[in-house]
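A.B. asks: For reference, the structure I am asking about is given below.
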Amino acid sequence: LDLSSAKTKRITYSEITKDAIQKAIENPRTIDKNLVDAQQARRVLDRLVGYEISPILWRKVKPSLSAGRVQSVAVRLIVDREREIQDFKSVSSYRVSAVFLNEKNEIVKAELPKKFSTKEEAKAFLEKCRDAEFFVASMETKPGKKSPSAPFTTSTLQQEAGRKFGYPVAQTMRIAQSLYESGKITYMRTDSVNLSSAAIEQAKNEIEKLYGKDFLAIRHYKTKSKGAQEAHEAIRPTELNIHEITGDAQELRIYDLIWKRTIASQMSDALIEKTTAVIRVSTAEENFVAQGEVLKFEGFLKVYLEGKDEEDEANGEGILPPLRIGEKLANREITATERFTHHPPRYTEATLVRKMEELGIGRPSTYAPTISTIQKRNYVVKEDREGVKRNFNQFMLKSKQIIEEIKSENTGAEKAKLFPTDIGMLVNDFLMNNFKDIMDFNFTAKVEEEFDEIADGKLVWTKMLSGFYKPFHKTVEHTAETSERQSGERVLGKDPKTGKQVIVRLGKFGPIVQIGHQDDEEKPRYASLLRDQRMDNITFEQAMNLFKLPRNLGTHEGNEVIVSIGRFGPYIKYQNGYVSLPKGEDPYTISLERVKEILSCPRLPKALGKFRDEDISVANGRFGPYVKYKNIFASLSKGEDPFSVTLERAIELVSAKEKKELEKMIKCWDEDARVRVVNSRYGPCIQAGKKFFRIPADKQPQELTLNECLSIAGFRNEGEKPKAASAKLKSKTKSRKPKISKAG
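The following block contains the structure:
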């Protein structure tokens, strides 16, 4: 535009409301060169790291890999945690709990603070309690309080939406972006916990109006985050007197969360009363402890209770019935249960954001893109994993009899956790060995601090980059010349049949086990690792098992029966079809007779009959059983047996799905079914087949014409397919993001 920076004014605002825009126009400022320099330094440094290290990864590890100043450190966090878990040795101990009855026959639950290392010690304690008397030796009651959390920053909003709703961080940011663009909340990329004086006044008025003056406590918060810039206000509703908004279900949830957190931040403490009773055992040195708490004043809890992460979870204290010192208690039951120490929890997207913020890695605007990038690069996967059965001992003293039982529990189940892939671990190890400075948490945080110094005018950006680049480039050149190619190769043993080496390594298309070498007379044999196997811990036996599949078990009714493992788990191949092996069946040991039994059972898909002269059937898919009718797929209810689904039930499911689709419909045209206007998870949009396109900001969904929709979807001729996915709705956030940034 060739504008003079001295004469050109810039306006800044953190909320899209009439008052905020008018105030910004009334108070323009010149472009801040320091902010521009800070952004320039960030962009150049990040490109230097990516452009110089990535080609080395292509040559030394695998083509198409990438490295980044923030993304590589985020991967390191996940890899380090996974190795902590691998090295963790679970230790068992016995925790003793008791259920007593007081003189009024009310239940008193208590715990023994001491844990026993062996079952012999635990059982010996129960023996002591067999003929013991129990009485209240002492009681202590203390007042306590719980204070509200600060208003949301980017990271705390991402964490809370993850805990309460299971939203990935990118989804949370997309919803928040939509709320911001529509003027409902303030700018959502912030590390500040401050509220403006106007916002505090709004909160004060709402609290007094809704709950009364006793619930009001004006608070000013200060951020504890390392390197926080606090360039914007905390995330809050633009108008706190608006309790509910119009929008899709996800927007309503996030807005409600932000409103409650903001209001709660200016409310009184919750007042509690904690009572601790020590229960003496007449025949033992150890004492039981019973604890309880009573909520005396709700305070902010009337509005909002913060969620907890797995690592923060603790047993809540219940209510303790009235007791008095010297009161005798009757033993209803005392239980000693074997418990096991838990490994550190794997990261969720939300807890990874929290850790990055604690270490000063990245900024509010980079958390979501970083987590998306490391998953897109296949360095990290987000998965649910089933647990395994584990037995544990339990001893119960009841009616002076000690009952011993062996019970079982499911342990190790994971939901939406981040796991490093083999390629992620390999790249991490290569970078740790050759670029320790780049991978150092303190270095990454220090760079962020230097960017802040540039923004404050305390550091010249070119000087900062020069100080970084010279030693960094020397390391790049040295690594390119001296480092060896990495494949993660590990020798597992020798094949007992051929005597050839068995190795695991990274192949062209992923991790593989290889028997033999390229220079052998016979070509090597290869087998891909299963989804839940990793190069760094696969055993020789597990590796050799991979070569047993596919197994040809013989024939059944003249057709070959083959078992193997595919993308979705173990299966039977029979008559050009595939049947999943039931859970618990081992493809390595299953017999032909057992397979015949499975094949004789009813199978899916199963035709149910006709509905409106069209076939209707029940089938099983990647996401579970469903009913299929024309192009409609209706999922069965959780736990519903697909083999017991009747035609009437199928029609009911299809009709419900049709009704739901009809409710989503805003506009359609009988003369051209290629496009329609619908309400999607992103809001109103144009649907063309499986693709979705955003509606221009100056258009109302109900007023769109057929020709306008066809044009937006890229149709030009009859029967033509919609245009490329680059214009799809998923690009909405990026293309419409308001131009508000730190730079300038």
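The sequence shown begins at 19 in our numbering and counts up by one.
We put the beta carbon where it would ideally sit given N, CA and C, even for glycine.
Going by DSSP, what residue range makes up the alpha helix (DSSP H) through Y644?
C.D. replies: From DSSP, Y644 is part of no alpha helix (DSSP H) but of the beta strand (DSSP E) over 642-647.
A.B. asks: Would you identify the three-state DSSP class for T353, choosing helix, strand or coil?
C.D. replies: Looking at T353 - three-state DSSP - the assignment turns out to be strand.
A.B. asks: Can the beta-carbon of D149 be found closer than 8 Å to that of T301?
C.D. replies: In contact: D149 and T301 (Cβ atoms closer than 8 Å).
A.B. asks: Please report the straight-line C-alpha distance between R190 and I96, rounded to a whole angstrom.
C.D. replies: According to the sequence displayed, residue 190 carries Thr and not Arg. Answer to the nearest angstrom: the Cα atoms are 21 Å apart.
A.B. asks: Is S23 buried or exposed, if buried means 16 or more other CB atoms sit within 10 Å of its CB?
C.D. replies: Label assigned to S23: exposed.
A.B. asks: What does the alpha-carbon distance come out to for the pair V296 and L415?
C.D. replies: Whole-angstrom Cα-Cα distance: 20 Å.
A.B. asks: Alpha carbon to alpha carbon, how far is G576 from Q593?
C.D. replies: Using only the alpha carbons, I get a separation of about 10 Å.
A.B. asks: Closest to D37 by C-alpha separation, out of A668, V54, E670, A216, would be which residue?
C.D. replies: Residue A216 is the option with its Cα nearest to D37.
A.B. asks: To the nearest angstrom, report how far apart L319 and R279 are at their CA atoms.
C.D. replies: In a straight line, the C-alpha of L319 is about 11 Å away from that of R279.
A.B. asks: Relative to the alpha-carbon of K502, which residue among L483, F490, L449, P514 has its alpha-carbon at the smallest distance?
C.D. replies: Residue identity differs from the one stated: residue 502 is Glu in this sequence, not Lys. It is L449 whose Cα lies nearest to the Cα of E502.
A.B. asks: Under 8 Å between the Cβ atoms of I253 and F170?
C.D. replies: Result yes, Cβ atoms of I253 and F170 sit closer than 8 Å.
A.B. asks: Can you find the residues in the same chain that come closer than 6 Å, C-beta to C-beta, to G534, ignoring five residues on each side of it along the sequence?
C.D. replies: Once the five neighbours on either side are set aside, the close Cβ partners of G534 are K518, P542.
A.B. asks: Looking only at its own chain, which residues have a Cβ that is under 8 Å from the Cβ of I203, when we skip the five neighbours before and after it?
C.D. replies: E33, A194, L197, I253, R254, P255, T256, Y273, I276.
A.B. asks: Check the DSSP bridge columns for T294 and list the partner residues they point to.
C.D. replies: E158, Q309, per the DSSP bridge assignment.
A.B. asks: Would you say K637 and L654 are within 8 Å of each other, going by their C-beta atoms?
C.D. replies: Residue identity differs from the one stated: residue 637 is Ala in this sequence, not Lys. It is not a contact, given that the beta carbons lie outside the stated cut-off.
A.B. asks: What is the DSSP secondary structure of V465, reduced to helix, strand or coil?
C.D. replies: The answer is helix: DSSP assigns V465 an H, G or I state.
A.B. asks: From P363, L341, T264, pick the residue whose C-alpha is nearest to that of E102; which is it?
C.D. replies: The shortest C-alpha separation from E102 is found at P363.
A.B. asks: Give the straight-line distance between the Cα atoms of A332 and G405, rounded to the nearest whole angstrom.
C.D. replies: Caution is warranted here: a pLDDT of 49 is assigned to A332, below 50, making its placement in the model unreliable, and no coordinate value can be reported.
A.B. asks: Would you report the Cα separation of V579 and N570, rounded to the nearest angstrom?
C.D. replies: Cα to Cα, the separation comes out at about 6 Å.
A.B. asks: Tell me the DSSP secondary structure of G201 in three-state form.
C.D. replies: Residue state, collapsed to three classes: coil.
A.B. asks: I need the DSSP call for R372, collapsed to helix, strand or coil.
C.D. replies: Helix at R372.
A.B. asks: So, P719 versus K678, is the Cβ gap smaller than 8 Å?
C.D. replies: No, Cβ-Cβ distance for P719 and K678 is not below 8 Å.
A.B. asks: Please determine, among G430, K141, D287, the residue with the shortest C-alpha to C-alpha distance to P166.
C.D. replies: It is D287.
A.B. asks: Can you give me the start and stop residues for the alpha helix (DSSP H) that G68 sits inside?
C.D. replies: Counting along the chain, the alpha helix (DSSP H) containing G68 begins and ends at 51-78.
A.B. asks: Taking the beta strand (DSSP E) that Q419 belongs to, which residues open and close that run?
C.D. replies: Element bounds for Q419: 419-429.
A.B. asks: Which same chain residues end up closer than 8 Å to K16 when comparing Cβ atoms and leaving out the 5 residues on each side of it in sequence?
C.D. replies: Nothing about residue 16 can be reported from this structure: the residues present for the chain run from 19 to 762 only.
A.B. asks: For T462, which of R508, R372, L377 has the nearest alpha-carbon?
C.D. replies: Closest option to T462, Cα to Cα, is L377.
A.B. asks: Of the residues G310, M553, A59, which one's Cα is nearest the Cα of E129?
C.D. replies: Taking only the C-alpha atoms, the option nearest E129 is G310.
A.B. asks: In whole angstroms, give me the CA-to-CA distance for I456 and R65.
C.D. replies: Computed Cα separation, rounded: 13 Å.
A.B. asks: Would you call P161 buried or exposed, if buried means 16 or more other Cβ atoms sit within 10 Å of its Cβ?
C.D. replies: P161 should be labelled exposed.
A.B. asks: With distances taken between CB atoms, is the gap from Y596 to Y606 smaller than 8 Å?
C.D. replies: Not in contact: Y596 and Y606 (Cβ atoms no closer than 8 Å).
A.B. asks: I'd like to know if the stretch 378-388 and the stretch 135-149 are in contact, where contact means that at least 3 CB-CB pairs between them fall below 8 Å.
C.D. replies: No: fewer than three Cβ pairs fall under 8 Å.
A.B. asks: Helix or strand or just coil, what does DSSP make of K746?
C.D. replies: With a pLDDT of only 44 at K746, under 50, the local geometry of the prediction cannot be trusted, and the value read off the model is given with reservation. Strand at K746.
A.B. asks: Does DSSP put P660 in a helix, in a strand, or in coil?
C.D. replies: In this structure, P660 counts as helix in the three-state DSSP scheme.
A.B. asks: Given a threshold of 16 other Cβ atoms within 10 Å of its Cβ, counted over all protein chains shown, does E40 qualify as buried or as exposed?
C.D. replies: Rather than Glu, the amino acid found at residue 40 in this sequence is Gln. Exposed: under 16 other Cβ atoms inside 10 Å.
A.B. asks: With a cut-off of 8 Å on the beta carbons, I'd call N446 and C147 a contact; round off their distance for me.
C.D. replies: About 52 Å; that fails the 8 Å criterion.
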